[in-house]
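The sequence shown begins at 817 in my numbering and counts up by one.
Ideal placement from N, C-alpha and C gives every residue a C-beta, glycine not left out.
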Amino acid sequence: MSNGNLALIGVSNFLGKSTAYVLLKDGYRVSITSRNEKKLEQIRSSLEKIGDIFSVPGSITDPASAEVTMQNINSKLGRLDHVVVMIGGFVNDTITDPIGLESMMQNHIFYTTYTVRSAIKYLHSGSSIVLVANTGSIEHGDPKAYSYSIAKAGVARMTELLCSELIPRGIRVNAVAPNYIDSTFEAGRNWRSMRKLGDSKTPPEDIAMVIKWLVSEESGWVNGAVIPVDGGYRLKK
């Protein structure tokens, strides 16, 4: 029996793939979306033996394209229960040369907004939305990643605002906040043996496990939270 239908938006070969893997193993039906159709098909074919996974290529770079993409996802799944927005993008810059300001705001604020705005038309009471922030959005940001830190701080505040607005509709909104994400993933590996508390990099599986919890009924009273998933690195002296 399925735990529900879930859409992953902005899927990568590490966080996106690992989250799909964890959710499929837990009985969810999963759709994966990005603009790279070849990448999506490779991920889908590598995980299809685990459960029902659907590749839905699409863009969310403007309101119109996001509407079409979410409509296609809903049609493919038949019903949309949960949405996880994990759109990536990172730039090193500073206030003296903020070269990434436009792209970081687009990726993390504009595109996420377009996605959520389109998704809530298909979600229902009991649904969940999970965003991906960063530890720099809840603690001190990285001064060498000026634009990225500002954009992720916006995602953290967006989580709270969306929570407040969607409470009457019974839709929960939370976020995970890793530090640096390890850009490797292999299904079935013993990722716990690869890290220790306080490491700067977080295996994507650790983040995926928290996302799985946030969309489950076990976290039903958690709403508007931005949860650090960094092994305590943000507090390391």
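Starting from Gly-832, follow the alpha helix (DSSP H) in both directions and report where the run begins and ends.
Locating residue 832 in the sequence shown gives position 16, where the first residue counts as 1. Counting along the chain, the alpha helix (DSSP H) containing Gly-832 begins and ends at 831–841.
Roughly how many angstroms lie between the CA atoms of Tyr-927 and Met-886, to the nearest whole one?
Position 111 of the sequence shown holds residue 927. Position 70 of the sequence shown holds residue 886. Approximately 13 Å between the Cα atoms of the pair.
Strictly by DSSP, which residues pair up with Thr-805?
It is not possible to answer for residue 805, since the shown part of the chain is limited to 817 through 1053.
Give the straight-line distance between the Cα atoms of Ile-915 and Asp-958, rounded to the nearest whole angstrom.
As a first step, residue 915 is located in the sequence shown; it is residue number 99 there, counting from the start. As a first step, residue 958 is located in the sequence shown; it is residue number 142 there, counting from the start. Distance between the alpha carbons of Ile-915 and Asp-958: 15 Å.
So the candidates are His-924, Ser-941 and Arg-1050; which of them puts its Cα closest to the Cα of Thr-1018?
The residue given as residue 1018 occupies position 202 in the sequence shown. Checked all of His-924, Ser-941 and Arg-1050; the closest Cα to Thr-1018 is Arg-1050.
Quick one: which unbroken alpha helix (DSSP H) runs of 4-plus residues sit fully inside the region 899–968? Chain order, please.
917–921 and 927–935
Are the Cβ atoms of Leu-939 and Val-899 separated by less than 8 Å?
Reading the sequence shown from its first residue, position 123 is the one you call residue 939. Reading the sequence shown from its first residue, position 83 is the one you call residue 899. A contact, by the Cβ cut-off of 8 Å.
Output the distance between the C-alpha atoms of Gly-1047 and Thr-951, rounded to the nearest integer angstrom.
Along the sequence shown, read from residue 1 onward, the residue named residue 1047 stands at position 231. Along the sequence shown, read from residue 1 onward, the residue named residue 951 stands at position 135. Computed Cα separation, rounded: 11 Å.
Note down, in chain order, each residue of its chain lying with its Cβ closer than 6 Å to the Cβ of Lys-833, except the 5 sequence neighbours on either side.
By 1-based counting over the sequence shown, the position of residue 833 is 17. So the qualifying residues of the chain are Ile-859 and Phe-1001.
Measure the alpha-carbon distance for Phe-830 versus Ser-1032 and round it to whole angstroms.
Stepping through the sequence shown from its first residue, residue 830 is reached at position 14. Stepping through the sequence shown from its first residue, residue 1032 is reached at position 216. Taking the straight line joining both Cα atoms gives about 22 Å.
Along the chain, where does the beta strand (DSSP E) that runs through Ser-871 open and close?
Within the sequence shown, the letter at position 55 stands for residue 871. Taken as a continuous stretch (DSSP letters only), the beta strand (DSSP E) holding Ser-871 covers 869–871.
Measure the beta-carbon distance from Phe-906 to Tyr-964 and round it to whole angstroms, keeping in mind my assumption that it falls under 8 Å.
Looking up residue 906 in the sequence shown gives position 90. Looking up residue 964 in the sequence shown gives position 148. With a Cβ gap of about 5 Å, Phe-906 and Tyr-964 count as contacting.
Going by DSSP, name the residue or residues bridged to Ile-987.
To locate residue 987, count along the sequence shown from 1; it is residue 171. Paired residue(s): none; Ile-987 is not in a bridge.
Taking C-beta to C-beta, are Glu-883 and Ser-919 nearer than 8 Å?
Within the sequence shown, numbered from 1, the residue matching residue 883 stands at position 67. Within the sequence shown, numbered from 1, the residue matching residue 919 stands at position 103. It is not a contact, given that the beta carbons lie outside the stated cut-off.
What residue range is occupied by the uninterrupted alpha helix (DSSP H) comprising Thr-849?
As a first step, residue 849 must be located in the sequence shown, where it is residue number 33. Premise fails: Thr-849 lies in the beta strand (DSSP E), 844–849, not in any alpha helix (DSSP H).
Straight-line Cα distance separating Ser-953 from Ser-966:
If you number the sequence shown from 1, residue 966 lands on position 150. If you number the sequence shown from 1, residue 953 lands on position 137. What sits at residue 966 in the sequence shown is Ile, not Ser. Ile-966 and Ser-953: Cα-Cα distance of roughly 7 Å.
Could you pull the start and end residues of the beta strand (DSSP E) that Pro-1044 belongs to?
By 1-based counting over the sequence shown, the position of residue 1044 is 228. Here the beta strand (DSSP E) through Pro-1044 covers 1042–1044.
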